[in-house]
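Right, one structure below, let's go through it.
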Ligand SMILES: Cc1cc2nc3c(=O)[nH]c(=O)nc-3n(C[C@H](O)[C@H](O)[C@H](O)COP(=O)(O)O)c2cc1C
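Numbering (the numbering used here), first residue to last: 291 to 606.
Okay, here's the thing in structure tokens:
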């Protein structure tokens, strides 16, 4: 694969690296941090379509996008076609609408959404056709199957329904992260469909990202970007110039500070979220366990900001 860009519908991304949608992580502040570091695309966290049409206040916050959030992406899930139909007017402002067909949480599966949709690829196809008929650019993020691998059949159904791209998290819905993502399945899907295939699962460094791009069209990063947004810069330097670079603790902590400040500027402050994400940024610091414990006991925005400023000073 030697093309530098990834085209989804009529949108050409500036490179082939994408930030994965992540509940409690990819708010607009975190998306901006990762886009600044080089991610070509980022999505809201997964949002259930019924909460969109109910105009739930919390959901409205999650759905907010601003000028820096381009191309914009929303990830949605649900089980009721009528709810997807009603959600269409709210989806029109996004460049790309991604359908979550992979979430394994029991709360979501009980609603017959997320990975439950993998049991009924025709239903996924109906959702795609509906959204495409409204003129939207539509992608689907799948796992390999619900409890057995049916990935080729699912991917072909999604392609035939008119999807503009497919993201494959190369695990079954009943597999945890202790089971390695099966990239061979991503390769097989890439050979079976013509729409762009974005590979996802176990990309933790620049080399992993390059290897993923060798087998498919795009590389989506989730856990590898939590507390490590500069992974996108590192990956681009490696892919484009063959350069392997390190990130200092000071630089990474400065990213955390920026995240905290962006949260305020964008009015998306969520203290538990900031603390969770902060604990991941601290990972490489000396005495990380103690520092994590400290941050978890803070409760005010200014306290957390001061805490990270002092940590940054100590790096000098
Ligand atoms: C904290 C967290 C939240 C997640 N939330 C979502 C989500 O909202 N939508 C989604 O499609 N996948 C979600 N995922 C799954 C990731 O997008 C990704 O598919 C999975 O973690 C595998 O990629 P990785 O190995 O790069 O982490 C989440 C994962 C994590 C760790």
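Glycine included, C-beta positions come from ideal geometry on N, C-alpha and C.
- Message: Is the separation between the beta-carbon of residue 547 and that of residue 585 shorter than 8 Å?
- Response: As a working note, residue 547 is residue 257 in the chain shown. As a working note, residue 585 is residue 295 in the chain shown. No; because the gap between Cβ atoms is not below 8 Å, this pair is not in contact.
- Beta bridge counterpart(s) of residue 391 as assigned by DSSP: Translated into positions along the chain shown, residue 391 becomes position 101. Residue 391 pairs with 432.
- Is the beta carbon of residue 459 within less than 7 Å of some heavy atom of ligand 1? As a first step, residue 459 must be located in the chain shown, where it is residue number 169. Flag set: Cβ of residue 459 near ligand 1.
- Message: Per the DSSP calculation, residue 297 is bridged to which residue(s)?
- Response: Residue numbering aside, residue 297 sits at position 7 when the chain shown is read from its first letter. Beta-bridge pairing links residue 297 to 302.
- When you compare each of 388, 359, 352 to residue 313 by their alpha carbons, which one comes out closest? In the chain shown, the residue the question calls residue 313 occupies position 23. Looking at the Cα atoms, 352 is the closest of the given residues.
- Query: How far does the alpha helix (DSSP H) with residue 505 in it reach, from first residue to last?
  - Reply: Indexing the chain shown from 1 puts residue 505 at position 215. Note, residue 505: alpha helix (DSSP H), 496-505.
- Task: Write down the C-beta distance between residue 329 and residue 522 rounded to the nearest angstrom, noting that I regard them as a contact closer than 8 Å.
- Result: Here residue 329 refers to the residue found at position 39 of the chain shown. Here residue 522 refers to the residue found at position 232 of the chain shown. With a Cβ gap of about 5 Å, residue 329 and residue 522 count as contacting.
- Every unbroken alpha helix (DSSP H) within the stretch 551-596, with a cutoff of 4 residues, ordered by chain: 561-571, 578-586
- Grab me the residues of residue 503's own chain with a C-beta within less than 7 Å of its C-beta, minus the 5 sequence neighbours each way, in chain order. Translated into positions along the chain shown, residue 503 becomes position 213. Once the five neighbours on either side are set aside, the close Cβ partners of residue 503 are 291, 306, 509, 529.
- Regarding residue 578 and ligand 1, is the C-beta to nearest heavy atom distance less than 7 Å? Reading the chain shown from its first residue, position 288 is the one you call residue 578. For ligand 1, not one heavy atom lies less than 7 Å from the Cβ of residue 578.
- Among 519, 427, 438, 308, which has the Cα closest to the Cα of residue 378? On the chain shown, position 88 is the one that residue 378 refers to. Cα-wise, what sits closest to residue 378 is 427.
- Message: Here's a check: name, in chain order, each residue in its chain whose Cβ is nearer than 6 Å to the Cβ of residue 390, leaving out the five neighbours to either side.
- Response: One-based indexing of the chain shown puts residue 390 at position 100. Once the five neighbours on either side are set aside, the close Cβ partners of residue 390 are 336, 365, 367, 404, 431.
- Task: May I ask which residues mark the beginning and end of the alpha helix (DSSP H) holding residue 319?
- Result: Counting from 1 along the chain shown, the entry for residue 319 is found at position 29. Residues 318-327.
- Message: Under DSSP, the beta strand (DSSP E) around residue 336 begins and ends at which residues?
- Response: Start at 1 with the first residue of the chain shown, and residue 336 comes out as number 46. Note, residue 336: beta strand (DSSP E), 336-338.
- Taking the alpha-carbon positions, what's the residue 591 to residue 570 distance? Taking the chain shown and counting its residues from 1, the one referred to as residue 591 is at position 301. Taking the chain shown and counting its residues from 1, the one referred to as residue 570 is at position 280. Near 17 Å, if we compare the C-alpha coordinates of residue 570 and residue 591.
- Task: Assuming residue 484 and residue 441 form a contact by the criterion Cβ under 8 Å, report the distance between their Cβ atoms to the nearest whole angstrom.
- Result: Here residue 484 is taken as the residue at index 194 of the chain shown, counted from 1. Here residue 441 is taken as the residue at index 151 of the chain shown, counted from 1. Going by Cβ atoms, the distance from residue 484 to residue 441 rounds to 16 Å, so no, they are not a contact pair.
- Item | Any beta strand (DSSP E) of 3 or more consecutive residues that is wholly inside the stretch 458-497 | 487-490
- Would the beta-carbon of residue 385 fall within 8 Å of that of residue 362? In the chain shown, counting from the first residue as 1, residue 385 sits at position 95. In the chain shown, counting from the first residue as 1, residue 362 sits at position 72. Yes, these two residues count as a Cβ contact at 8 Å.
- Query: DSSP three-state call for residue 363: helix, strand or coil?
  - Reply: On the chain shown, residue 363 is found 73 positions in, with the first residue counted as 1. Strand.
- Task: Could you pull out every residue in the same chain whose Cβ sits closer than 8 Å to the Cβ of residue 447, ignoring the five residues on either side in sequence?
- Result: Within the chain shown, the letter at position 157 stands for residue 447. Cβ neighbours of residue 447 beyond the five flanking positions: 411, 412, 414, 415.
- Message: Suppose the cutoff is 6 Å on Cβ atoms and the five residues either side in sequence are ignored; what does the same chain contact list for residue 394 look like?
- Response: Walking along the chain shown from the start, residue 394 turns up at place 104. These residues qualify, in order along the chain: 405, 463.
- How is the alpha helix (DSSP H) around residue 511 delimited, first residue to last? Residue numbering aside, residue 511 sits at position 221 when the chain shown is read from its first letter. That residue, residue 511, is in no alpha helix (DSSP H); its beta strand (DSSP E) goes 508-511.
- Query: Taking the alpha-carbon positions, what's the residue 400 to residue 409 distance?
  - Reply: Within the chain shown, numbered from 1, the residue matching residue 400 stands at position 110. Within the chain shown, numbered from 1, the residue matching residue 409 stands at position 119. Looking at the two C-alpha atoms, the distance is approximately 13 Å.
- Contact check, residue 520 vs residue 575 under 8 Å by CB: the rounded distance? Counting from 1 along the chain shown, the entry for residue 520 is found at position 230. Counting from 1 along the chain shown, the entry for residue 575 is found at position 285. The pair is not a contact, with the Cβ atoms about 16 Å apart (cut-off 8 Å).
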